[in-house]
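Visitor:
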Amino acid sequence: MLNKKAAAILDSTDFDLPYGLVLVKEPPRYFLARFGDDNYFGAIPARRMLRLLKKGMFYEALAICERRKRESLNR
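Here it is as structure tokens:
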């Protein structure tokens, strides 16, 4: 249920992401990535990502994604 609900929210909402950032949808998680970069940052659960983006907390979401990617690479 969360996947469809989150995807619907994402599709109907216009997030003004800072230049160079793109939101990659892969339910039930979303990734923030730099435009033109094939390597996504670590995943954030959809509900948390949408909450951060609605509040305009783009860089906080990006920092969480980067930290999760570093943690996954160190395993």
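First residue of the sequence shown? That's 123 in my numbering, and the numbers climb one at a time after it.
We treat Cβ as the ideally placed atom computed from N, Cα and C, and that holds for glycine.
(1) Using the rule of at least 16 other Cβ atoms within 10 Å of the residue's Cβ for burial, across every protein chain shown, is residue 185 buried or exposed?
(2) By DSSP, does residue 192 sit in helix, in strand, or in coil?
(3) Could you give the first and the last residue of the continuous alpha helix (DSSP H) run that contains residue 171?
(4) Can you tell me whether residue 171 is buried or exposed? The criterion is at least 16 other CB atoms within 10 Å of its CB, across all chains shown.
Guide: The answer reads as follows:
(1) exposed
(2) In the structure shown, residue 192 sits in a helix (DSSP, three-state: H, G or I).
(3) Bounds of the alpha helix (DSSP H) holding residue 171 are 168-176.
(4) buried
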